[in-house]
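Chemist: Keeping their order, the protein sequence lines are chains P and F.
Okay, so the first sequence: first residue is 1 according to UniProt numbering, each after it adds one.
Okay, so the second sequence: first residue is 1 according to UniProt numbering, each after it adds one.
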Amino acid sequence: MALEIQENRQVSPYVLFFIIYGIQTGIGVINYQRPITNSAGYDAWLSILIMGFIIFVVMWMLTKLLEEHQGDLITIHHHLFGKWIGGFLSFLFSLYFLTMSITVLNTYVLLVQVWMFPQMSYWEIATLLSIVAYAYISGGLRSIAGIAFLSSIYSIPLILALIAPLNYAHFDNLLPLVNHSVPALINAGKQMSLNYEGISILLLVYPFIKKTESRDNRKQWVFYATSMTTVVYLVVYLVTIVYFNPQELDQYLWPTMSLWKIVDLPFMERFEYIGITIWIFVILPNICLTLWGASRIIKRLFSLNQRIIVGCLIIFIVLFGYLLSNQVELDIWNKYQSLLGLGVMLMYLPFLYFYNLVHRKMRKSHAKQR
Amino acid sequence: MQNNAKRLLIALLLISLCLTGCAKPRIVDDVHLVQAIGYDYYKENYLLGTITSPVYSQSAGSGIMPPKSDVMSVVVKKGTEVNAELESESEYQLEPGKLLVSLYSNEIAADGLFQYVDLLKRNPDIGIVTNLAITEGSAKEILEGQYASDPLISEYLSNMFKKHATNNFPETNLHTFLYQYAGKGMDPFLPLIKKENEHVKIIGIALFKGDKYIDYVPYSQAFVFNMLYQSFSKGNYAVPLNASQYVSIENISSKVDYQVEPRGKDGRHPIVKISVEENGYVRESASVLKGKHSIPNLQKRLAKELQKNGITLIKNFKNLRTDPLQIGSHVRSFQRHWSEAAWMDYYPHADIRLKVKVKLKHEGITN
């Protein structure tokens, strides 16, 4: 029983690139440099490559799963674990998506408060953001894909602005190459998990991507997007470490923001304020996609109206987020969030793939016996 | 249903416009922009903080009057913020967002600068290209002075530092200070300035050990310092030919290259080889450039002179146990598992070799 989505709700295959790229680059980019440098010093760029490769493999597993089951996460869970256990696992995934949107929303609110408007309260910023997010989500995946596309376009100046710090580059910071042990590199790779979190959205989005009659080219866009993310992380990291030295980097809570401080344009003294403002478009696809994912699962499980679910979920995350609206609590939350992400991405998803292999064998032998 | 939802959404968006009043507006006419700040000691446990901010006013007619510098100072106990105390004197809210220069008297700098710089580092309002400088004597005196070239001392100093950063002088600002202070195998340096009648003069490069000011390189040696510190393009240097004559060289490009033999001859201690390549031309000369003073001879002479001065400079840094040239960091990039402690033990008698090559392209339009 393949899951069919009406054609007027589907999007073209290349949009998958923006969706995957959009959900991966989010709140992680502004401060991932610090934890990975603390583990592996300035060799951590190798860890980014390692992690990028691992994610690539996981993505490949996901596409295999999706192709075999002709559906989404709920179908896969249903096939593999039956109605009740499968349904329960899907529901847990819905909660997982919710925690992600809470992370993103809260981190951004804190960012705005620290850098721009210390007087603005959590409620004001969070409410504004959630209204905007609701507007996009209520338009369905098509409008979310639209904001994901715009987000990639709008973030181009942010990436171009990274040329300015190169005026102060100390390239010998990179030397000597590979001065750290392999366990240290892997440990640093693990710290990257918050950056790649969200790839499981692929399991829900896939059926919405239009399959062309002649050949199925949906997969390639997934891989392009993953490579692109890794390249962006690598470039941002390299710029950071030639601009800061390791001891200095350890002092900055948001190294990417601090990088932009050096941009000095004749008509604009402080680029970082523009950066934070544009950043809203970088995190919007994150919030939209995770909330959409959470509500999509609930809709599929309980057959409720998705708009109403989204409304309830948004109110929930804004209320819940208030508990995490200062730096200390948010740091703890983020730590657990990245652990959770690591568990889901590197353990649960591969487990699902291998379990599926075993399951298929069993089914086959079962069929033979009959 | 669909329509109702849309209407609701539009209403919500409209309501959200009311939220724009939530953040405190900061209108540029209603704030005082702090452009320069200076710190001095006052008696024992007190600090004398001085700020200047420009006052732009218009005359009743049509003309715009030149801006005036408004100087305020306050004495506070050590360890308190100056800005908060100054509010009591100020007509408008003080905003440090456009801080251009921050001055510290040599006495303050000798006791450690970090606690003052930390204020600038932590505040997101303050730009990272803010200039820092050490003053010989009182910082307040410099900020209060009246200068012929620019009515605003903050602009004057900031432009002066900016010009120097492209000419003879290594660039310094808040970022470079923080980088050099935090980094291993390097120490910060800042310009050292002094008031002289109607002008402020850069008298040298203030050297630090950690965040403590210890000594300075005189302005005449700034070129040599810069030549060892980085590759740069513009600069000038005068070579004495004999007791009364000299020749002035304009620099086109200067390239410095650090090579390190990580284990040296004895298998433990690194050897640092610095090679400098200067390209330039003759700018001024008091004598005819012939014979003894012909271009090839001049090149040799200049190379020898620069090499000698460079070695003296490095020797001084070794004796002071400060490393503004980041030699330690260069060694780190060649040596696996470099440790700062071991390097600092070795540094005072490190084997550091300097080789300078000079090429003069032309001698101007006369010989």
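The beta carbon of each residue, even a glycine, is placed where N, CA and C say it ideally should be.
Threshold first: 4 residues or longer. Then list the alpha helix (DSSP H) segments lying entirely within the segment 43-77 of chain P, N to C.
Modeler: If we require 4 residues or more, the alpha helix (DSSP H) runs fully inside the segment 43-77 of chain P come out as 44-69.
Chemist: Applying a beta-carbon distance threshold of less than 8 angstroms, which residues of chain F neighbour P:Y168?
Modeler: What P:Y168 touches in chain F: H175, T176, Y179.
Chemist: What did DSSP end up calling F:F208 once you bin it into helix, strand or coil?
Modeler: If DSSP states are grouped into helix, strand and coil, F:F208 belongs with the strands.
Chemist: Of the residues F:T135, F:R263, F:L320, F:R283, which one's Cα is nearest the Cα of F:E363?
Modeler: Taking only the C-alpha atoms, the option nearest F:E363 is F:R283.
Chemist: Assuming the contact rule is C-beta atoms closer than 8 angstroms, F:T130 and F:L100 should be a hit. Round their C-beta distance to whole Å, please.
Modeler: Rounded, the Cβ-Cβ distance is 7 angstroms, consistent with contact.
Chemist: Please list, in chain order, all residues of the same chain as P:L238 whose beta carbon is under 7 angstroms from its beta carbon, the five residues on each side excluded.
Modeler: So the qualifying residues of the chain are W45.
Chemist: Around the Cβ of P:D216, are there at least 16 other Cβ atoms within 10 angstroms (buried) or fewer (exposed)?
Modeler: When all chains shown are included, P:D216 counts as exposed.
Chemist: Do you know how far the Cα of P:F149 is from the Cα of P:T226?
Modeler: Their backbone Cα atoms lie some 15 angstroms apart in a straight line.
Chemist: F:S285 bridges to which residues according to DSSP?
Modeler: BP columns for F:S285 point to F:V247.
Chemist: Does F:P96 come within less than 7 angstroms of chain P when only Cβ atoms are used?
Modeler: By this cut-off, F:P96 is not an interface position.
Chemist: Counting only Cβ-Cβ distances shorter than 7 angstroms, please list the residues of the segment 179-195 of chain F near chain P, keeping chain order.
Modeler: Within the segment 179-195 of chain F, the qualifying residues are Y179, A182, G183, K184.
Chemist: What do you reckon, are the CB atoms on F:F334 and F:P240 nearer than 7 angstroms?
Modeler: No, the Cβ-Cβ distance between F:F334 and F:P240 is not below 7 angstroms.
Chemist: Check whether chain P comes within 7 angstroms of F:P124, counting only Cβ atoms and requiring the distance to be less than that.
Modeler: Yes - at least one Cβ of chain P is within 7 angstroms of the one on F:P124.
Chemist: Please confirm if F:V129 has its CB atom under 7 angstroms from at least one CB of chain P.
Modeler: Yes, contact with chain P.
Chemist: Taking beta-carbon pairs under 9 angstroms, can you tell me which members of the segment 223-257 of chain F lie near chain P?
Modeler: Per Cβ criterion, the list is empty.
Chemist: Cβ atoms of F:K357 and F:L277: under 7 angstroms apart, would you say?
Modeler: A small fix is needed here, since residue 277 of chain F is Glu in this sequence, not Leu. Contact: yes.
Chemist: May I ask you to report which of helix, strand or coil DSSP gives P:M120?
Modeler: If DSSP states are grouped into helix, strand and coil, P:M120 belongs with coil.
Chemist: Would you kindly work out how many angstroms separate the C-alpha atoms of F:K209 and F:D323, rounded to a whole number?
Modeler: Cα-Cα distance, rounded: 8 angstroms.
Chemist: So which residues on chain F does P:N179 lean against when the C-beta distance must stay under 8 angstroms?
Modeler: In chain order: R336, H337.
Chemist: Excluding sequence positions up to five away, which residues of its chain have a Cβ less than 6 angstroms from the Cβ of P:L202?
Modeler: So the qualifying residues of the chain are L62.
Chemist: Should F:P170 go down as buried or exposed, given a rule of 16 or more other Cβ atoms within 10 Å for buried?
Modeler: Buried, by the Cβ-count rule.
Chemist: What three-state label does DSSP hand P:Y224 in the structure shown?
Modeler: It is helical.
Chemist: Please name the residue, chosen from P:S130, P:P35, P:Y243, that lies closest to F:G183 on a Cα-to-Cα basis.
Modeler: Among P:S130, P:P35, P:Y243, the Cα nearest to that of F:G183 is on P:Y243.
Chemist: Using only alpha-carbon positions, find the residue among F:S158, F:L143, F:T172 that is nearest to F:V71.
Modeler: For F:V71, the nearest C-alpha among the options comes from F:L143.
Chemist: Please identify, using Cβ separations under 7 angstroms, the residues of the segment 50-72 of chain P that lie next to chain F, in order along the chain.
Modeler: From the segment 50-72 of chain P, no residue has a Cβ closer than 7 angstroms to chain F.
Chemist: Closest to P:S94 by CA distance: which of P:I144, P:A126, P:F302, P:L346 is it?
Modeler: When only C-alpha atoms are compared, the closest one is P:F302.
Chemist: Taking a Cβ distance cut-off of 9 angstroms, strictly less, list which residues of the segment 135-146 of chain P are near chain F, in chain order.
Modeler: Residues passing the 9 angstroms Cβ filter: A135, S138.
Chemist: Threshold first: 3 residues or longer. Then list the beta strand (DSSP E) segments lying entirely within the segment 174-209 of chain F, N to C.
Modeler: List check, beta strand (DSSP E) in window: 189-196, 199-209.
Chemist: I'd like to know whether the C-beta of P:L175 is nearer than 7 angstroms to at least one C-beta of chain F.
Modeler: Yes, P:L175 lies at the interface with chain F (some Cβ there is under 7 angstroms from its Cβ).
Chemist: Residues of chain P with CB under 9 angstroms from F:H330, in chain order?
Modeler: The answer, in chain order, is D172.
Chemist: Comparing the C-beta of P:D331 with each C-beta of chain F, is any distance below 7 angstroms?
Modeler: It does not; no Cβ of chain F falls within 7 angstroms.
Chemist: Taking the beta carbon of P:R270 as the centre, do at least 16 other beta carbons fall within 10 Å, making it buried, or is it exposed?
Modeler: Flag for P:R270 reads buried.
Chemist: Is P:L162 near the ligand NAP, going by C-beta to nearest heavy atom under 6 angstroms?
Modeler: Of ligands this structure carries none, so the ligand NAP is not represented either.
Chemist: Does DSSP classify P:D264 as helix, strand or coil?
Modeler: Reduced to three states, the DSSP call for P:D264 is coil.
Chemist: Below 7 angstroms between beta carbons is the criterion; list the residues of the segment 260-288 of chain P that meet it against any residue of chain F, in chain order.
Modeler: Result list: K261, I262, D264, E269, R270.
Chemist: In this structure, what does DSSP give as the bridge partners for P:Y32?
Modeler: Paired residues: none, contrary to the question.
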